[in-house]
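Undergrad:
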Amino acid sequence: MYGLARRVIVRAHSVRFASRLSLSESLARDAPIDVHPEVQDALTTGVPVVALETALTTHGLPPPINLQVTKDLETVVRSTGCIPATIGIVAGRVKIGLENSDLERLADVARNPRSVKISRRDIAPALASKADGGTTICATLIFAALANIKVFATGGLGGVHRGGENSMDVSADLHELTRCPVGLVSAGVKSILDIGRTLEYLETLGVPVISYSRTKDFPAFFSPRSGFQTPWNTDDPVTAARMLHSQWQLGLDNGALIAVPIPEEYAEKGEIIQQAVNQAVLESEQNGMSKRGKDVTPWLLSRVAELTKRDSIDSNIALLKHTALIGGKIAAQYQSLASQTDCPPGKTYRATKPIEIEQNNSSSAVPVKVMVVGCAAVDISAQSNDAAGTGLHSTSPGIVTVGLGGVGRNIAEACHRMGTPALLVAGLGKDPWGQLLRDETTAIGMRTDGFIDLNERTAVCNLFLDNLGDLQHGIADMGISQKLKADLVLQQISQNNPEIVALDGNLSSETIQQIVDACVQRNIQGSEPTSITKSERILPALEQCVKAECDTPVSFFTPNLLELRHVHDKVRADGGLATSPFWWSTIDGLSLGEAFRMDMAQLARRRVYDSDEMTGTDTTLAFLVEEGVAQMAITLTPFFRHIFIKLGSKGVVGVLRLSAKEAQSSGWAHERSNPGRRYVVAHGTSGTILARVTLFGPTLTVAIFSALLSASAPESNFRLPHRLEIKSFCCSEAATEMDRGRANNYPNAIWPKTTLAWAYVSHPRIAAPRSMAFKIGRFFKNGAILRAAAVAPSMTEPLSRGGNGEVMITLHGLDANITFAETFQDIHIPSTADPGMSTERFNLRCSGTMADE
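Counted from 1, the sequence shown has number 678 at position 678 by UniProt numbering; the numbering is strictly sequential.
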C-alpha cells in the first residue's frame, strides 16, 4: 500500500507504435480479441508471460501429437514460473491464451480441415470470415506485441527459401521482427531454408541475432551448428534478458532473434535428418510443390518425417520444449528487470526530459463501455492475535490491515482487470481516506476522472475479526453514497455515453430513479447489483417508468434468492407494480400456457448435475417450481428484462426476455425447449421470446458485462447461456498490512499473508474445477481476491489429489504448497512460502461454498 498522499515524478512519454494501437485501444474499438483471464491478470500484475504459436498445432505436427505437444509446451513454460499465452484464431476471434476446448478445436484437423495458416496478410480476412487458424511466427509476433508480451518461444523461424534470390520467396516472419519489440526464442531458422541468405537479410533489416550458446555458432534447427556465425552469443538468461530490456529502454521498435541449439543428445541425428531435408527439397522442386507458397513448409516437414521414419518429429518436439524452457527463463529475468524500472512493465515509452506532474488516469480518450455508479470505500480490518478476543474497555495485540472496497468499486476494478473499459463514478471526501482511494486507484491503472469530491466523510468500513479471521462486529460509515446527487452522475453519463450503467444499491432512491430515467431515454442498458436491505431502492424508479409507459427500465438484475424474493414480495404487495396494466400486458404477451408448464415440469425433474459424483447427492431442479423461483422471476420480467439469479452451489438461473428482433438475430426465435440441456423457451405474441436457462457454476456481474460487450451486435448478446459458463474472475488487489509496508516489498509482490482469494479447486466430490472463496491468515476482506497467476498451475485443470483425502495446490512464485483438507479446515502454509512469514501455523477455512455468495 502506498502512502496516503503522493506526488510522483513520471516521464513525459508517447507510446511507441504510432501506427499500432495498444491492446486497450483495440478493445475499445471492439476488436475481436479475447485475452484469457489468467494471461490478462499476469500482464496486469507483472507476472512473466511467454507467447506460443498455434501454426505448429494446425499445420506443423500431425494429430494426435499436435495437441499433446502444445499442452506440453505450456507445461514447460509454467515450470519456469511464467504464464503461457498460446495465441490462435477461433471462430474469427483472436485468442491470446487458449482454453482447452479452443486448443482441441484447432488441433482436430480431421473435423476442421479448413483451418487456416495465419500470417499478417491473412489476419483480417480470417477475422471477417469467422475462420479458425493457427498463427505463424509472423502473426504471433503481432499479437504478442499488441499485448506487450516480451518473449515468444517457438521452433524454427521462417526465412529466405532456397533459390530465393530468384523467386523472391522470403518469409514475412523476418519483416515482422523489425516491427515487433519481442524476443523470439527459436532453434534458428527452418532447416529447409537458405540459412546464410536469411542471416544476411536479418542483418540488412537490423534485427539482432544472438546465439544462445558458449560459441557464436548459429544452429541449423536439427543440428546445433550450421556453419554460420552470429555477431553475439550468450548462454545466460540474465544477459539475454538485458539485451531485450536495453532495446526497450532505448525505445527501439525491432525485436531480436535468440537462436537456441537443439539439445546435444539429438545432435547426432541432425546430419541424417539434414540429408532427408535436402532430398525433400529436391523432390519439391521436381514436383512443383516448391511454388505453392505457404503449403511448401507443411509438405516438406511431412516428407522429411516419412524419410526419417519420424525421427525428425522426435527431434522437432525436443527442440520445441527446449526453446520453451529457455524462453521461460529469459522472460522471468526480463520481468525482474522491468519491475525495477519506473515505467509499468510491458509498456514501451519514448523517454524525454522528466517533468514533475500530478499523475492523472483520466484516460478520457478511451471510450467507456461500462459505467459503475456507487460506493468506493476504504476497508480497515483489525484482527486479534488472542483466541479470547478483546475484552470490554481494553485493547488486544493483533494485526491492522487496510484495503480498498465498496460494491461499485469492486465491480469497476473487476471490469478493468478483465479488459473491459470501465469508469467508476463515486463520491470521495476531502480527507486522507479519499486521497488514499484516489492514489491506490491510480496505482492499479484504473481511471479516476469519475471521482466526485464532496464535503462529506469518505466511505470507510471498519471490521473487527477474531483470531481465526471471522467477523465479530464492525462499523460501516457509508453515508457519502447517499449524498451523491443525480445531476453530477448525469453529467458523467452525458459526457461518456456508456453502453451499460451499473448501479450500486448504496445510492439513494431519488438518485437511482433519475439515473434509470436517463438510461431509458438514452437507450443505455442498466444493471442493478443488489442486497436485501437496499434492493427495494430501485422500486421508485420502476414506478416512475411504469407511469410514463416506458419500456422495461432495467436491463439486467443479478439477485440471489433472498433478494429475488424480497423484491418480488414488494411488487406483489397490494397496489404494487404487479397490479398495473403495464405488468398485465407484458405478462399476457408472453403467452405462458400449458406447454410452458409441461416444459417446466420436465426441467424440474432434471438433476442439478449430470452425475451424482458432482455433489454427492441427487439434488434436482424441483426447487425452481416448488420454491417459486421461476414464478418470481417471470413476475419481475416486465421490470427487469434479463434476470440472473445466483443460487450458490446450484449455479445460476437466467431468465431472458427478448423482443422479436432480438430473438431473430440471436437465433432464439428458432429454438424450442430442451429440458435435457436445461433451458425452456416460450414464444409469445409478436415474436417475443422468454428463455429460462440454468447455468452451471458461478457467474459474476462483471462476467455478464464482459460477455455482453464482447458481442458484435446488441442482438447477439442474448446467446448468453453458451457464453456465461465461464470462470468467475473477480478482482481486487490483495490488501497489504500497514505494519509490513508496501506490497512490492514482498517477493514478486504476489501474496501478502492476509487475503481473501478466489481460486479454482477440485474437491473429492467435485469432478470439475469449481470456484471457491477462502480466507488466508489473519485477515478477511470481503470482495478482495488473489491474482489468478498465483493460484494454480492452470485456472482450469483439476488439482492433484494428495494422500489422506487431501488436495494440493502449488503457488507460482512462492514455492509453497497449500493443503486443502477434506473439510477445508486447518490448512497449513509452510514457512517457505514467503521469507517474511513467520513459521507459525495459519488457519484457513472456506468462507463460502461459491464465489457468488
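Every residue, glycine too, gets a C-beta built ideally from N, C-alpha and C.
(1) Starting from the Cα of A518, find the closest Cα among N467, L490 and N506 and give me that residue.
(2) If we count the other Cβ atoms within 10 Å of its Cβ and call it buried at 16 or more, is M600 buried or exposed?
(3) Helix or strand or just coil, what does DSSP make of A573?
(4) How would you write the range of the alpha helix (DSSP H) that C461 sits in, first residue to last?
(5) Identify whether N100 lies in helix, strand or coil by the three-state DSSP scheme.
(6) Where are the alpha helix (DSSP H) runs, 4 residues long or more, that stay fully inside the region 16-96, in chain order?
(7) Indicate the three-state DSSP secondary structure (helix, strand or coil) for residue 864 in the structure shown.
(8) Touch check for the region 160-167 and the region 131-151: three-plus C-beta pairs under 8 Å?
(9) Beta-carbon separation of V185 and T323 under 8 Å?
(10) Is it buried or exposed for R303, if we count other Cβ within 10 angstroms and need 16 for buried?
(11) Which runs of the alpha helix (DSSP H) fall wholly inside the region 250-303 and span at least 4 residues, in chain order?
(12) Going by other Cβ atoms of all chains shown within 10 Å of its Cβ, with 16 needed for buried, is D122 buried or exposed?
(13) Between the C-alpha atoms of T239 and P498, what's the straight-line distance to the nearest angstrom?
(14) Among D102, E99 and R93, which residue has its Cα nearest to the Cα of L127?
(15) Distance, Cα to Cα, I317 vs A51?
(16) Going along the chain, which unbroken runs of the alpha helix (DSSP H) with 4 or more residues stay wholly within the region 151-178?
(17) On a CA-only basis, which of L307, P675 and G158 is nearest D173? Give me that one, please.
(18) How big is the Cα-Cα spacing for K71 and F464?
(19) Identify, in the order they occur along the chain, each residue of the same chain with its Cβ nearer than 6 Å to the Cβ of R572, setting aside the five sequence neighbours on each side.
(20) Taking only runs that begin and end inside the region 396-435, name each unbroken alpha helix (DSSP H) of 4 or more residues, in chain order.
(21) Contact check, Y266 vs S213 under 8 Å by CB: the rounded distance?
(22) Does the region 324-341 come close enough to the region 233-252 to have 3 or more Cβ pairs within less than 8 Å?
(23) Can you list, in chain order, the residues of its chain whose CB lies under 7 Å from that of W583, leaving out five sequence neighbours each side?
(24) Kindly indicate which residue of V47, Q68 and S22 has the alpha-carbon position closest to the one of T57.
(25) Pick out whichever of A476, D253 and L590 has its Cα sitting closest to the Cα of I142.
(26) For A220 versus L319, is the C-beta distance shorter than 8 Å?
(27) Would P113 be called buried (16 or more neighbouring beta carbons within 10 Å of its own) or exposed?
(28) Can you tell me the Cβ-Cβ gap for A376 and G403, rounded? I've got them flagged as a contact below 8 Å.
(29) Considering only the beta carbon of each residue, do P421 and K485 sit closer than 8 Å?
(30) Have a look at I195 and A31 and give me their C-alpha separation to the nearest angstrom.
(31) Assuming the contact rule is C-beta atoms closer than 8 Å, A144 and V182 should be a hit. Round their C-beta distance to whole Å, please.
(32) Pick out whichever of C461, N166 and S481 has its Cα sitting closest to the Cα of G474.
(33) Tell me, which residues are paired with L454 by DSSP?
(34) Which value, in whole angstroms, describes the spacing of the CA atoms of L507 and G374?
(35) Suppose contacts are defined by Cβ-Cβ distances below 8 Å. Is V47 in contact with I83 by that definition?
(36) What do you get for S79, buried or exposed, if any count of 16 or more other CB atoms within 10 angstroms of its CB means buried?
TA: The structure says:
(1) Taking only the C-alpha atoms, the option nearest A518 is L490.
(2) buried
(3) coil
(4) That residue, C461, is in no alpha helix (DSSP H); its beta strand (DSSP E) goes A459 to L465.
(5) Helix.
(6) 23-28, 37-45 and 65-79
(7) With the chain represented from 1 up to 853, any question about residue 864 goes unanswered, as that position is not in the structure.
(8) no
(9) yes
(10) By the neighbour-count rule (16 or more Cβ atoms within 10 Å), R303 is buried.
(11) 267-287
(12) buried
(13) CA-CA distance, T239 to P498, rounds to 47 Å.
(14) R93
(15) 17 Å
(16) 164-167 and 172-176
(17) G158
(18) 46 Å
(19) The beta carbon of R572 sits closer than 6 Å to the beta carbons of A578 from its chain, once the five residues preceding and following it are set aside; these are given in chain order.
(20) 407-417
(21) Contact flag wrong, Cβ pair sits at about 15 Å.
(22) yes
(23) The beta carbon of W583 lies closer than 7 Å to those of L577 and P638 in the same chain, with the five residues before and after it left out.
(24) Q68
(25) The residue with the shortest Cα to Cα distance from I142 is D253.
(26) no
(27) exposed
(28) About 12 Å separates the two Cβ atoms, so there is no contact after all.
(29) no
(30) 37 Å
(31) 5 Å
(32) C461
(33) G429
(34) 6 Å
(35) yes
(36) exposed
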